[in-house]
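Mapping the sequence shown onto my numbering, position 322 (from 1) lands on 669, and the numbers just tick up by one. The block underneath contains the structure these notes are about, expressed in structure tokens.
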Amino acid sequence: MASASSDAKLSKRYNAEEIERKWLERWDDALYRFKEEDVAAGKPPYIIDTPPPYPTGDFHIGNALNWCYIDFIARYKRMRGYAVLFPQGWDCHGLPTEVKVEETHGISKRAVSKQEFRRLCSELTRKNIAAMKEMMIRLGFSIDWSREFVTMHDDYKKYTQRSFLRMFRSGEIYRAEHPVNWCPRCETAIAFAEVEYEERSASLNYIRFKIVQSGEEAEKDERVAAESPEYVEIATTRPELLASCVAVAVHPEDERYKHLIGSTLEVPIFHQKVKVFADSAVDPSFGTGVVMICTFGDRQDVRWWKAHRLPLRASIDERGRMTHIAGKYAGMNVEECKKKIIEDLKKQGLLVKQERIKQSVGVCWRCKTPIEIISAKQWFVRVHKEKVKEAARKIKWHPEHFRLRLENWVDSMEWDWCISRQRIFGVPIPVWYCKRCGAVKLPSEDELPVDPTTQKPSSRCEECGSDEFIPEEDVLDTWMDSSLSALWVAGWNYEGDFKPVQLRPQGHDIIRTWAFYTILRCLSLTGKIPWEMILINGMVLGEDGFKMSKSRNNIISPEEVVAKHGADAFRQWAALGGAVGSDVQFRWKDVVAAERFLQKLWSILRFSLIHLADYKPLPVEEVNLKAIDRWLLAKLSALVASVTEDMEKFKFDDALKRIKAFAWGTLADDYIEIAKSRLYGDSKSGEEGRNAARFALFETMKTLSLLLAPFMPFFAEEMHERLLRSKGLDARSVHAERWPEAKTPVEISEEDVREGEIIAEIVRSVRRLKAKRGIPLNKPLRKIEIFCEFPIDVEDIENATATPVEVKRGESLESIEEKMNKEGESHENTAEIVVGDAVRAFVYF
Ligand SMILES: [Zn+2]
Ligand SMILES: [Zn+2]
348 MASASSDAKL SKRYNAEEIE RKWLERWDDA LYRFKEEDVA AGKPPYIIDT PPPYPTGDFH
408 IGNALNWCYI DFIARYKRMR GYAVLFPQGW DCHGLPTEVK VEETHGISKR AVSKQEFRRL
468 CSELTRKNIA AMKEMMIRLG FSIDWSREFV TMHDDYKKYT QRSFLRMFRS GEIYRAEHPV
528 NWCPRCETAI AFAEVEYEER SASLNYIRFK IVQSGEEAEK DERVAAESPE YVEIATTRPE
588 LLASCVAVAV HPEDERYKHL IGSTLEVPIF HQKVKVFADS AVDPSFGTGV VMICTFGDRQ
648 DVRWWKAHRL PLRASIDERG RMTHIAGKYA GMNVEECKKK IIEDLKKQGL LVKQERIKQS
708 VGVCWRCKTP IEIISAKQWF VRVHKEKVKE AARKIKWHPE HFRLRLENWV DSMEWDWCIS
768 RQRIFGVPIP VWYCKRCGAV KLPSEDELPV DPTTQKPSSR CEECGSDEFI PEEDVLDTWM
828 DSSLSALWVA GWNYEGDFKP VQLRPQGHDI IRTWAFYTIL RCLSLTGKIP WEMILINGMV
888 LGEDGFKMSK SRNNIISPEE VVAKHGADAF RQWAALGGAV GSDVQFRWKD VVAAERFLQK
948 LWSILRFSLI HLADYKPLPV EEVNLKAIDR WLLAKLSALV ASVTEDMEKF KFDDALKRIK
1008 AFAWGTLADD YIEIAKSRLY GDSKSGEEGR NAARFALFET MKTLSLLLAP FMPFFAEEMH
1068 ERLLRSKGLD ARSVHAERWP EAKTPVEISE EDVREGEIIA EIVRSVRRLK AKRGIPLNKP
1128 LRKIEIFCEF PIDVEDIENA TATPVEVKRG ESLESIEEKM NKEGESHENT AEIVVGDAVR
1188 AFVYF
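Written out as structure tokens, the structure reads:
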């Protein structure tokens, strides 16, 4: 490593691609490894419950933003002395992969065996993981890859199935016949969180129902009513559900229909008799104010069905076809049936009118098919609403307001979490049913993972002794895998105490799923909250300010950005884009500005290295720091204090803005311009002055490399390497260094800082004046007079302005003006500089 790199001339242009590639090759994987020994030795752990992304093959810009935040935190905490665990998992199972496999291979999942279909899904998943991983590495994330987990692997499947057995035994998981949200296209039950709502236009049909017995006549002979048929109109968008109609409801205060309460109606076409009841949930302003209740048209039907203990008449099956209950319409799909029934209603004169309306329709998140509510035997996880909300309040939310989103979601849930999926690529539900007595048969935990469809139980039925079983064919909702991530990364193995991990970073779009399920499951399994803190990130918007989408053609990929400007520039965009939690707009000009900042830093580094080439850090006692050196070191220490505070509060934008302002303004524009002559060794103070400047410059550059490390890991490493390692001063990577302390190497008084500020301000002003008058910056002026009641070091001012300086004391401003007038100075060849209340300077051109 003792290469010539330290003294070799740096190229003028910073080549991000080359430098970043170099460090990707050189960095040792062990740099980011989490070691249990460190925790045992007293290092505080900082465990991150990293999101396991769905392996779509595309690590998109939204992912990249979130991972940048995670990496800023991980690198910062590591430097602060924490034993950081930044693991990475992959949440493999689920519908999108199945759909993709069907598309890619042009097959339906029924066309091949389950094993073969799973194999194809795994193959695609492996390929996609590899592609995404490559991007994560390229972006410089400090992931501990030795802790990678893949939910489709046996060890994780075992973990998921074990949680199922534990929760089944404790009664938190149960099987029951209950209405569930169902996608007829995907042919599976789905959870509430998987139902999306879309505005669609529909036809509202006004249909006549025959009153066969009015409320008052209920006790009388039915024949009386039959002689003089009367009708009531009911408006519905779903006439195909007539066969499922089990009751009719009106609002109790609705004067138009009070007489109907308690009466019996006959459903058109299917002729079943249904009762009319009153319920205040009926909206009298919708349609005619009379509603038919079907099993099931929507969630309200389910509520009424439960509350009024209504019978179940299921007319739609799992594939979206009409059942035998629908009589002559059986076998038709929902749309065909709807058309047919409307035709028949027209023929019988029972359709009064039709209106177009807009309505919100629940659709499948994956394929946008309208969902049905179907009653089926499914597996459920018990949702304890109050416990979840109470747990959420024990977790620190950043930003705080997102906790409400979770609470609102919990309140809106109508029934327990349905976890069984009628799919193939998922963790099998580890259950058999006894063929003789129907009892549930579970495997032992040692046997896991099991696939009941290919394996048999190792013992007989505990209830009846039979050895014949029917396998459970369903698999688990993929959130059953990912909701265990906190427990998995913490290394909790279903035994002993679980300690909440330190951080869960995630997007606000999955609060109602990942955050909610994780809290619920962690409470059920351990009685604890999963994490101490949850950090919510926003979404990335396109350059046009809209959500990125294919149809808008405004998608930007991290690949594209990194290929043009490098990972460090991308990461700066992520840091500066906005506060964590807010949506961040992508703008190319921000990335270009980021690249410009890297170039500026590179120029500063290049300049510094020339002057620090033969510099060996001196003990501070041997250095005679000048005012501006002390001023710089004091500013640096204040910068460290503020940036540290920002990092603690996840204010990455503020932190990086401060660093930029310091490097660009304080260091480059002010300090270097002022101390340049001393650095070149051609100032009055000679070697002593030079060493003081070199001391301050070296301390500052070293500290800057540390502050930049979380944001620009590649550049910071290069900087650190060139400043220290290549000189044999320090053998460690910048990412193994400690975060700097907000402390100056020597005591610096307020007076020191004030003096430095005056020097800087005078130099700035003189440079401004020269520029305004078109005078070259290095051209000497006649003189500068400074009126000041305390001592000021003039050497640096003289150097930086190329002008002699006189300090005057004990003269009033009036006397100065008088003197100037006497000497015949005109306003054209003098200028006044005001620095605060106490200092004036006059420049003589
Ligand atoms: Zn679907
Ligand atoms: Zn049995």
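Quick reminder that beta carbons are idealized off the backbone N, C-alpha and C, glycines included. Please read all numbers here as calculations on a predicted model, not as lab measurements.
| Asked | Found |
| --- | --- |
| One or two residues paired with T583 in a DSSP bridge | N552 |
| Cβ neighbours of D814 in the same chain (closer than 6 angstroms, five flanking residues each side left out) | R807 |
| One or two residues paired with E545 in a DSSP bridge | V708 |
| R532 beta carbon near ligand 1 (any heavy atom closer than 7 angstroms) | yes |
| T1177 in three-state terms, based on DSSP | strand |
| For H958, the first and last residue of its enclosing alpha helix (DSSP H) | 935-959 |
| Touching by the beta-carbon criterion (3+ pairs, under 8 angstroms), the region 840-855 and the region 795-810 | no |
| Three-state secondary structure assigned by DSSP to W835 | helix |
| Enclosing beta strand (DSSP E) for P526 [first to last residue] | 520-530 |
| E1034 versus Q919 - alpha carbon distance | 39 angstroms |
| Q932 versus K1117, K947, V621, M886, residue with shortest Cα-Cα distance | M886 |
| 8 angstroms Cβ cutoff met for A1040 and A1015 | no |
| Three-state secondary structure (DSSP) of H452 | helix |
| Closest by C-alpha distance to P1079, when choosing among A1063, E1094, K1090, V1093 | With the sequence shown as reference, residue 1079 is identified as Arg, and Pro is not the correct amino acid for it. That would be A1063, whose Cα lies nearest to the Cα of R1079. |
| E569 burial status per 10 Å Cβ neighbour count (16 or more: buried) | Legend: pLDDT at E569 = 49, less than 50; position of this residue unreliable, no value from coordinates given. |
| For C415 and G1075, the rounded distance between their alpha carbons | 31 angstroms |
| Closer than 7 angstroms: T444 CB and nearest ligand 1 heavy atom | no |
| Top-ranked residue by Cα proximity to I1006, from E995, V987, K996 | V987 |
| Of the listed residues M482, I476, S358, L412, nearest to A910 (C-alpha basis) | M482 |
| S350 in three-state terms, based on DSSP | Any answer about S350 is weak, because its pLDDT of 40 lies below 50 and its placement is not dependable; what the coordinates show is given next. Here S350 sits in coil by DSSP. |
| Cβ pair I1193, F997 closer than 8 angstroms | Here the chain has residues from 348 to 1192 only, and residue 1193 is not among them. |
| Closer than 7 angstroms: S813 CB and nearest ligand 2 heavy atom | yes |
| Alpha helix (DSSP H) segment containing H912, residue limits | 905-912 |
| Selected residue, minimal CA-CA separation from P1151, among E1165, D1140, L1128, F1137 | L1128 |
| Inter-residue CB distance, I581 and I554 (contact presumed, cutoff 8 angstroms) | 5 angstroms |
| Residue of K620, V1181, K480 minimising C-alpha distance to I1106 | V1181 |
| Residues near L1026 by beta carbon distance below 6 angstroms, same chain, minus five either side | H958, A1040 |
| V1113, enclosing alpha helix (DSSP H) - first and last residue | 1097-1119 |
| Burial state of G667, where buried means 16 or more other Cβ atoms lie within 10 Å | buried |
| Those residues which DSSP pairs with Q701 across a bridge | N552 |
| Nearest-angstrom Cα separation, counted from G409 out to V774 | 28 angstroms |
| Host alpha helix (DSSP H) of W994 (start-end) | The sequence as given places Met at residue 994; Trp does not occur at that position. Start and end: 974-995. |
| 8 angstroms Cβ shell around G892 - same chain, five flanking residues per side excluded | Q932 |
| Coil, strand or helix - R656 by DSSP | coil |
| Cβ-based neighbour list, P905, same chain, cut-off 7 angstroms, excluding 5 preceding and 5 following | F406, I408, A411, M482, L486, F917 |
| Terminal residues of the beta strand (DSSP E) in which K620 lies | 620-625 |
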